[in-house]
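Trainee: Numbering (the working numbering), first residue to last: 55 to 192. Below is a structure I'd like to ask you about.
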């Protein structure tokens, strides 16, 4: 059996944190719990879960919860976002989350499931033609 690299160990640690925080999700309607962990470039860690609402459009995803927590504490430079759900394949962020992620640059994103599968990608790969501040310039 091959020994895990430091990078793989770190990713697995972050996945475990996301898996644990996922249990705090408020998902009484869908029962689809999602957890997220956001690591800033200076090493701070922020967690997030999805928070549903009876008015479905007001639901907030785990990824955005983690990002908004970080931003509310003055963070803007992100290194890695991990997202996890109990899915057959690693879960991917919705379009709204991808757009919010793109606002803060092209950082690493780990898509995971509770079975232990994961994929490493980037914001740019998830949203190749995203709308950004350059689109607002004349």
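All C-beta atoms, glycine included, are put in the ideal place defined by N, C-alpha and C. It should be emphasised that the depicted structure is a prediction, and the values quoted were computed from it without experimental measurement.
How big is the Cα-Cα spacing for residue 58 and residue 66?
Mentor: 10 Å
Trainee: Exposed or buried, which one is residue 85 when buried takes at least 16 other CB atoms within 10 Å?
Mentor: Exposure of residue 85 is indicated by the presence of fewer than 16 other C-beta atoms within 10 angstroms of its C-beta.
Trainee: Per DSSP, what are the beta-bridge partners of residue 107 in this structure?
Mentor: DSSP lists no partner for residue 107.
Trainee: Using the C-alpha atoms, what's the distance from residue 61 back to residue 145?
Mentor: 20 Å
Trainee: Quick check for students: name the residue ranges of the beta strand (DSSP E) that lie wholly in the stretch 61 to 111, counting only runs of 3 or more.
Mentor: For the stretch 61 to 111, the full-length beta strand (DSSP E) segments reaching 3 residues or more read 88 to 94, 99 to 103 along the chain.
Trainee: Do residue 96 and residue 104 have their C-beta atoms within less than 8 Å of each other?
Mentor: no
Trainee: When DSSP builds the beta bridges, which residues end up paired with residue 163?
Mentor: 135, 175
Trainee: The alpha helix (DSSP H) spanning residue 117 covers which residue range?
Mentor: 116 to 126
Trainee: Over the uninterrupted alpha helix (DSSP H) stretch that includes residue 149, give me the two end residues.
Mentor: 149 to 156
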